[in-house]
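So the numbering used here is basically just the index in the sequence shown, starting at one, shifted up by 37.
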Amino acid sequence: MVGYQISTQNALGAHLARLAVRPDVQGQGGGTALVSDLISRVLRKRLPRLTVNTQSNNHASLALYRKMGFVPTGERYPVFVYALSESVE
38 MVGYQISTQN ALGAHLARLA VRPDVQGQGG GTALVSDLIS RVLRKRLPRL TVNTQSNNHA
98 SLALYRKMGF VPTGERYPVF VYALSESVE
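This is how it looks when you write it as structure tokens:
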């Protein structure tokens, strides 16, 4: 397996929840192919939009999503952590 995507959908549209490509083949079009396929599926279902979120320092993902036509909304989401040891703050 080279990579995978996990997405969800509801009445508001679809959401790309996870995109992963094996490190040794990154930069060779796998992510583009997976996102392109998802966009095609969303269009066929006539859903109104497709969303994705990623970390602001994940430059590879940001570049891919921008290349694919996604535009930032400026929204920010909280991140929660469950500390399993005292070293996690």
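We put the CB at the ideal spot given by N, CA and C, even for glycine.
Item, Value
"Ala97: buried (16+ other C-beta within 10 angstroms of its C-beta) or exposed?", "exposed"
"Which residues mark the beginning and the end of the alpha helix (DSSP H) in which Arg86 is found?", "Neither: Arg86 is in no alpha helix (DSSP H) and is coded neither H nor E."
"Just mark Ala54 as buried or exposed, buried being the case when its beta carbon has 16 or more other beta carbons within 10 Å.", "exposed"
"Report the partner residues of Ile43 according to the DSSP bridge assignment.", "Arg55"
"Per DSSP, Gly50 forms a beta bridge with which residues?", "Asn47"
"Please work out which residues of its chain come closer than 8 Å, Cβ to Cβ, to Tyr102, disregarding the five sequence neighbours upstream and downstream, and give them in chain order.", "Val72, Val89, Thr91"
"Would you mind reading off the limits of the alpha helix (DSSP H) that contains Ala97?", "96-104"
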